[in-house]
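Single-structure report; data block below.
Number of protein chains: 2
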Amino acid sequence: MTVKAQFDHSNCGDCPIRHRAVCARCDADELEELESIKYYRSFEAGQTIIWSGDQMSFVGSVVAGIASLTQTMEDGRTQMVGLLLPSDFVGRPGRDTAPYDVQATTDVVMCCFRKKPFEELMDHTPHIAHRLLQMTLDELDAAREWMLVLGRKTAREKIASLLSIIARRDASVSQKGLTGSIVFDLPLTREAMADYLGLTLETVSRQISALKKDGVITLEGKRHVTIPDLGRLMEEAGDDSDGGFPV
Amino acid sequence: MTVKAQFDHSNCGDCPIRHRAVCARCDADELEELESIKYYRSFEAGQTIIWSGDQMSFVGSVVAGIASLTQTMEDGRTQMVGLLLPSDFVGRPGRDTAPYDVQATTDVVMCCFRKKPFEELMDHTPHIAHRLLQMTLDELDAAREWMLVLGRKTAREKIASLLSIIARRDASVSQKGLTGSIVFDLPLTREAMADYLGLTLETVSRQISALKKDGVITLEGKRHVTIPDLGRLMEEAGDDSDGGFPV
DNA sequence: CGCGTATTTGAAACGCCTCAATGCTCGTGG
DNA sequence: CCACGAGCATTGAGGCGTTTCAAATACGCG
């Protein structure tokens, strides 16, 4: 059974991202309306979900996998401007061409709604509009946090920042605490990390090696990471160990 | 008469930012309600309007002047994460501590609403919530555009990007066309530009001198700028000359 | 006019990038 | 079962752009 097939006949009540997604505040009636216009689509790792400049015919939520928003300059320089995790929303009600490429970083399953009906539904469903506002404000905060990373942090701090975000998100979804060591698999290639951090992939590789040598992280293979001490990692990231990123 | 006094007794109907602000879509009833909870405050250039971490007791719109959102690391490195122009909204309904410092870059006049009443008003005024969503989505786009600037552009391109944004915004509010030469006063010091661009102030200065030497811009004094050819400037910014930034 | 602040300019140091070669892992086919 | 190739990752050497530190200059305001 494909990953998508798991979802095809499920209803919203069983949805794993229900409590965080754009539909989180909906009551039964509203869910039913949403359910009538939703459909699932899946994308393979590497596939482009939406091309910058294209018509967006649908909006939706990432249900499983990781997608990324990227901008590209004419000469090929690219910058990732957002990382879309399960429950994150894709698309922009009220605008019809996409401002960035949306790419599947891993295999991705999305819960889609045709854009027109969704917009109409939103107009008379304050719960959706309100939740979308909340989510957009959160994303804006995240984007601004990232501006500090891009503008002012060193390569080492950038890597530490990225690892600490992934580590904390991972710990939060898997319900493990933030004390003791955290273990996870990097969902990104070195190149994708570089595109996110505004670095070259060589620099990413070198800094990861350096963090490993200094005992801040441990690696098994290329992707399996252990963080023995999150506080230490966050110091390396230049964040004060309490506040920092809301994940 | 102070700048603030100009506004103190004015009503929303005369407001210069009415058509772009959070209240843009409000009808007469809604305006009246807003009017009953609004008040004006003014801030001098350099003053901090809101401190990061503080309670936010109000939200509001910038009516005149320029404010900036900045983040600061413990060691003093700072990154500006937003530039607030007249009509931009300050504050975040649904959250009560400020995530960044808000500083007056020039003298600023704000139209404020106490946060609680504003939130309540928003709950039963879809026009406000809807407009705020639109504005937040626009800001998110702007933040993401800026991530490309911070992550991937050279110092020269960064300066050109900033000048081109200011030039186009200025041309759009003063209703002049984008053809022919554009003239404006820089509202930012070299240091503020550096904080916005993730550079040092020396690099900003050098790159401005270089653009001047190459005839891309002309300077009279330190702040008065002439752009003889916007297309040329946008090439220098690395943007394709048609699309680029929606201002 | 003179002081304080903003800005410009210079020289040297440093960090990241570029180019290039090597290593590792995994899947495929001989 | 091993050889091979395709990606992905690591490592090295050298160059370039930006920062750092330092000093000189212009500007605005009393």
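Protein chains in written order, with full-length UniProt numbering: chain A, 1 to 247; chain B, 1 to 247.
Ideal Cβ positions, reconstructed from N, Cα and C, are used throughout, including at glycine.
Within chain B, partners of residue i - CB distance below 8 Å
| i | result |
| --- | --- |
| Thr136 of chain A | Leu133, Thr136, Leu137 and Leu140 |
| Gly231 of chain A | Here the premise fails: no neighbours, minimum Cβ distance about 15 Å. |
| Gln6 of chain A | Within 8 Å Cβ-Cβ: nothing; Gln6 of chain A doesn't reach chain B, min ~31 Å. |
Partners in chain B for residue i, counting only beta-carbon separations shorter than 7 Å
| i | result |
| --- | --- |
| Met147 of chain A | Gln79, Val81, Ala143, Trp146, Met147 and Leu150 |
| Pro99 of chain A | Asp141 |
Within chain A, the residues that residue i reaches when beta carbons sit closer than 8 Å
| i | result |
| --- | --- |
| Arg92 of chain B | Leu137 |
| Gln207 of chain B | Near Gln207 of chain B there are no residues of chain A at all, since even the closest Cβ is about 16 Å away, more than 8 Å. |
| Gln103 of chain B | Ordered by position in chain A, no residue passes the 8 Å Cβ test against Gln103 of chain B, which lies about 15 Å from the chain. |
| Pro86 of chain B | None at all; the shortest Cβ gap to chain A is about 20 Å. |
Nearest to residue i (by Cα), restricted to the options the options
| i | options | result |
| --- | --- | --- |
| Glu220 of chain B | B:Cys15, B:Leu233 and B:Phe184 | B:Phe184 |
| His224 of chain B | B:Leu150, B:Gly46 and B:Thr189 | B:Thr189 |
| Ile37 of chain A | A:His19, A:Val59 and A:Gly46 | A:Val59 |
| Asp240 of chain A | A:Gly46, A:Gln6 and A:Glu157 | A:Glu157 |
| residue 252 of chain A | A:Asp75, A:Arg95, A:Gln47 and A:Leu121 | The requested residue 252 of chain A does not occur in the structure, where chain A is confined to residues 1 to 247. |
| Asp88 of chain A | A:Met135, A:Arg77 and A:Gly180 | A:Met135 |
| Arg18 of chain A | A:Ile66, A:Pro86, A:Thr48 and A:Thr125 | A:Pro86 |
| Ser181 of chain A | A:Leu199, A:Pro228 and A:Lys212 | A:Pro228 |
| Arg77 of chain A | A:Leu197, A:Lys222 and A:Met234 | A:Leu197 |
| Thr125 of chain B | B:Glu235, B:Asp27 and B:Leu230 | B:Asp27 |
| Lys222 of chain B | B:Leu199, B:Glu235 and B:Ile208 | B:Ile208 |
| Thr226 of chain B | B:Met234, B:Glu235 and B:Lys212 | B:Lys212 |
Sequence-distant residues of the same chain with beta carbon closer than 6 Å to residue i, five excluded per side
| i | result |
| --- | --- |
| Ala142 of chain A | none |
| Ala98 of chain B | Ile50, Ser52, Asp54 and Met56 |
| residue 255 of chain B | The requested residue 255 of chain B does not occur in the structure, where chain B is confined to residues 1 to 247. |
| Met80 of chain A | Ser68, Thr70, Asp195 and Tyr196 |
| Asp14 of chain B | none |
| Thr72 of chain A | Thr78 |
| Thr218 of chain B | Thr226 |
Cross-chain neighbours of residue i in chain A, by beta carbon under 7 Å
| i | result |
| --- | --- |
| Glu74 of chain B | Asp240 |
| His130 of chain B | Ala129 |
| Gln55 of chain B | Chain A residues near Gln55 of chain B: none, gap ~16 Å exceeds 7 Å. |
| Pro187 of chain B | Here the premise fails: no neighbours, minimum Cβ distance about 20 Å. |
| Gly60 of chain B | Residues of chain A passing the Cβ test: none, with the nearest at roughly 16 Å. |
According to DSSP, residues forming a beta bridge with residue i
| i | result |
| --- | --- |
| Ser61 of chain B | B:Phe89 and B:Cys111 |
| His224 of chain B | B:Asp185 and B:Glu220 |
| Ser42 of chain A | A:Val109 |
| Ile50 of chain B | B:Val102 |
| Ala67 of chain A | A:Leu84 and A:Ala104 |
| Gln134 of chain B | Note: Gln134 of chain B sits in no beta bridge, so no partner. |
| Gln55 of chain B | B:Thr97 |
| Thr78 of chain B | B:Thr72 |
Chain-order list of residues whose beta-carbon lies under 8 Å from that of residue i (same chain, five-residue window excluded)
| i | result |
| --- | --- |
| Gly243 of chain A | In this prediction, Gly243 of chain A has a pLDDT of 46, which is less than 50 and means its spatial position is unreliable; nothing more can be read from the coordinates. |
| Val247 of chain A | Confidence in Val247 of chain A is poor, its pLDDT being 48 and thus under 50, which makes the residue's placement unreliable; the coordinate value appears in the next sentence. Excluding residues within five positions, the ones whose Cβ falls inside 8 Å are Ile165, Arg168, Arg169 and Ser172. |
| Thr203 of chain B | Ala155 and Ala194 |
| Cys112 of chain A | Lys38, Tyr39, Tyr40, Arg41, Phe58, Val59 and Gly60 |
| Val90 of chain B | Ile49, Ile50, Val59, Gly60, Ser61, Val62, Ala67, Leu84, Val102 and Met110 |
| Gly94 of chain B | Glu119 |
Cβ-based neighbour list, residue i, same chain, cut-off 7 Å, excluding 5 preceding and 5 following
| i | result |
| --- | --- |
| Glu191 of chain A | Leu201 |
| Ala210 of chain B | Arg156 |
| Lys153 of chain A | Ser161 and Gly238 |
| Ser35 of chain A | Note that residue 35 of chain A is Glu in the sequence shown, not Ser. So the qualifying residues of the chain are Asn11 and Cys12. |
| Asp96 of chain A | Gln55 and Met56 |
| Gly65 of chain B | Ala104, Thr106, Asp107, Val108 and Val109 |
| Gly46 of chain A | Ala104 |
| Asp123 of chain B | none |
Integer-rounded CB distance, given that residue j should sit under 8 Å from residue i
| i | j | result |
| --- | --- | --- |
| Val216 of chain B | Arg232 of chain B | 6 Å |
| Asp29 of chain A | Thr70 of chain A | Between Thr70 of chain A and Asp29 of chain A the Cβ distance is about 38 Å, and since that is not below 8 Å, they are no contact. |
| residue 252 of chain B | Phe7 of chain B | Examination of residue 252 of chain B is not possible in this model, given that chain B is present from 1 through 247 alone. |
| Leu148 of chain B | Arg92 of chain A | No, Leu148 of chain B and Arg92 of chain A are not in contact; Cβ-Cβ is about 18 Å, not under 8 Å. |
| Arg131 of chain A | Val22 of chain A | 5 Å |
| Glu44 of chain A | Ala129 of chain A | Actually they are not in contact, since the Cβ atoms of Glu44 of chain A and Ala129 of chain A sit about 33 Å apart, beyond 8 Å. |
| Leu150 of chain B | Leu150 of chain A | 4 Å |
| His127 of chain B | Arg20 of chain B | Not a contact, Cβ separation roughly 14 Å. |
| Leu140 of chain A | Glu139 of chain B | 6 Å |
| Leu230 of chain A | Leu178 of chain A | 6 Å |
| Leu133 of chain B | Leu199 of chain A | That belief does not hold up - the Cβ atoms of Leu133 of chain B and Leu199 of chain A are roughly 34 Å apart, past 8 Å. |
Contact list for residue i against chain A, beta-carbon separation under 9 Å
| i | result |
| --- | --- |
| Pro228 of chain B | Within chain A, no residue comes near Pro228 of chain B; the closest Cβ sits about 23 Å away, beyond 9 Å. |
Cross-chain neighbours of residue i in chain B, by beta carbon under 9 Å
| i | result |
| --- | --- |
| Pro16 of chain A | Here the premise fails: no neighbours, minimum Cβ distance about 25 Å. |
| Gly221 of chain A | Within chain B, no residue comes near Gly221 of chain A; the closest Cβ sits about 28 Å away, beyond 9 Å. |
| Gln47 of chain A | The contacting residues do not exist; Gln47 of chain A stays about 21 Å from chain B at best. |
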